[in-house]
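Worksheet for the structure shown next.
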Ligand SMILES: [Zn+2]
Ligand SMILES: [Zn+2]
């Protein structure tokens, strides 16, 4: 077995964690034992974590996962202990955690599709579990499990941050921000002058809006049901906002804005068949529609084959975590944030302690804020 690492305390520590035990049942707030990191691992003390719709989908059972499991997959914190083989990280470093790891050398990584990296972090089957409750293992969602005050993760899931970013903002970078910004800049490759429509203006949708702004979009139309989110969308760069209560009226408005053609690029950031069909209608001939929203596992989209595709040459593009190259995109996001033209602090609607996690889960869909953040310091 690999040798444990060194740092400010290389023995087992106790974490406070929110554990998924059964679909629909409130998460259990439990003390878990967190062991020291092995050679290729890092132990991180979480400062903050975002709560993403994917967490809620697992919580409700819409996306099935085996319990017991610590949910949460976007977080920021401080390195506590580093494994003996880890380079470039030291105890005390501020970091973000990401659920996606990229090896740089597999089939996909060398073909510039690192978001599909097929190299799983090395796991030693004889290694003891990272998190335990009374000796029984507790898994971590996507190898991170950020609803825990301390975690052990593979070093590849850790990205170092500059020291001056608020942790409550930085924690959103690892999933929602990378996905939204990347959807515009990488996946759909928004070009200067493109007219863009964004359906759904939650934490990810707002980042699609600002990604399209950074890409030089000439007009960004943001659509959501909640006026508060449309206000935020304006702040993030939307030039037109539409309260999408009447889908036919939304289509009419976009046609009016685009000479009857439809938009160059339409992002579906809701994850529903109805909004996906609407997105295809809003896309101009030859344009592209990008599916970003995390749809329930069985959700299906029924669309005609001939007219939109064979005749009008529309494209549907899938989007996995904004087709991100993590090292490149995190430093891009940090630099743009420091220059003031990429908004992160404004994404943080509420900050609450971990003890409120079940309230956050229950109210995620009706929340008028972009993101609710769990702050481990409160
Ligand atoms: Zn997420
Ligand atoms: Zn790879």
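Numbering (my numbering), first residue to last: 2 to 379. C-beta atoms are modelled at their ideal positions from N, C-alpha and C, and glycine is treated no differently.
In this structure, does DSSP put residue i in helix, strand or coil?
i, result
"residue 314", "coil"
"residue 2", "Because the pLDDT at residue 2 is just 39, under 50, the model does not fix this residue reliably, and the point stays unresolved."
"residue 364", "coil"
"residue 228", "helix"
"residue 286", "strand"
"residue 205", "helix"
"residue 255", "helix"
"residue 244", "strand"
"residue 330", "helix"
"residue 380", "In the structure displayed, the chain extends from 2 to 379; residue 380 sits before or after that span and is not available."
"residue 346", "helix"
"residue 379", "coil"
"residue 190", "coil"
"residue 304", "coil"
"residue 355", "helix"
"residue 169", "helix"
"residue 58", "helix"
"residue 134", "strand"
"residue 215", "helix"
"residue 296", "coil"
"residue 183", "helix"
"residue 279", "helix"
"residue 324", "helix"
Closest by CA to residue i, which one among the options?
i, options, result
"residue 247", "22, 184, 227, 34", "227"
"residue 62", "237, 133, 21, 101", "21"
"residue 239", "128, 155, 199", "199"
"residue 129", "139, 257, 361, 194", "139"
"residue 336", "162, 33, 77, 30", "162"
"residue 252", "234, 237, 277", "277"
"residue 150", "15, 284, 283, 51", "15"
"residue 372", "77, 348, 297, 378", "348"
"residue 1", "271, 222, 244", "There is simply no residue 1 to check, as the chain begins at 2 and stops at 379 in what is shown."
"residue 184", "153, 292, 133", "292"
"residue 78", "40, 173, 333", "173"
"residue 299", "273, 309, 217", "273"
"residue 216", "54, 345, 333", "333"
"residue 286", "271, 212, 311, 64", "311"
"residue 24", "55, 65, 47", "65"
"residue 281", "295, 39, 261, 304", "304"
"residue 116", "366, 53, 328", "328"
"residue 17", "72, 244, 346", "72"
"residue 157", "56, 225, 100, 212", "100"
"residue 40", "123, 330, 141", "123"
"residue 102", "160, 148, 60", "160"
Count the other CB atoms within 10 Å of the CB of residue i; is the residue buried (16 or more) or exposed (fewer)?
i, result
"residue 49", "buried"
"residue 106", "exposed"
"residue 58", "buried"
"residue 314", "exposed"
"residue 108", "exposed"
"residue 166", "buried"
"residue 301", "exposed"
"residue 42", "buried"
"residue 363", "exposed"
"residue 257", "exposed"
"residue 131", "buried"
"residue 290", "buried"
"residue 188", "buried"
"residue 375", "buried"
"residue 324", "buried"
"residue 275", "exposed"
"residue 44", "buried"
"residue 230", "buried"
"residue 112", "exposed"
"residue 379", "exposed"
"residue 218", "buried"
"residue 356", "exposed"
On the DSSP bridge assignment, give the partners of residue i in chain order.
i, result
"residue 291", "268, 318"
"residue 159", "98"
"residue 44", "82, 153"
"residue 15", "34"
"residue 21", "70"
"residue 51", "374"
"residue 405", "Outside the shown range of the chain (2 to 379) lies residue 405, about which nothing can therefore be said."
"residue 200", "224, 269"
"residue 140", "70"
"residue 29", "20"
Are the C-beta of residue i and some C-beta of chain D separated by less than 7 Å?
i, result
"residue 25", "Annotation note: the requested chain D is absent from the structure, which comprises a single protein chain."
Exercise. Quick one, what's near ligand 1 if you take every residue whose CB is closer than 5 Å to any heavy atom, in chain order?
Worked result: 53, 55, 176
Exercise. Going along the chain, which residues put their C-beta within less than 5 Å of some heavy atom in ligand 2?
Worked result: 104, 107, 110, 118, 120
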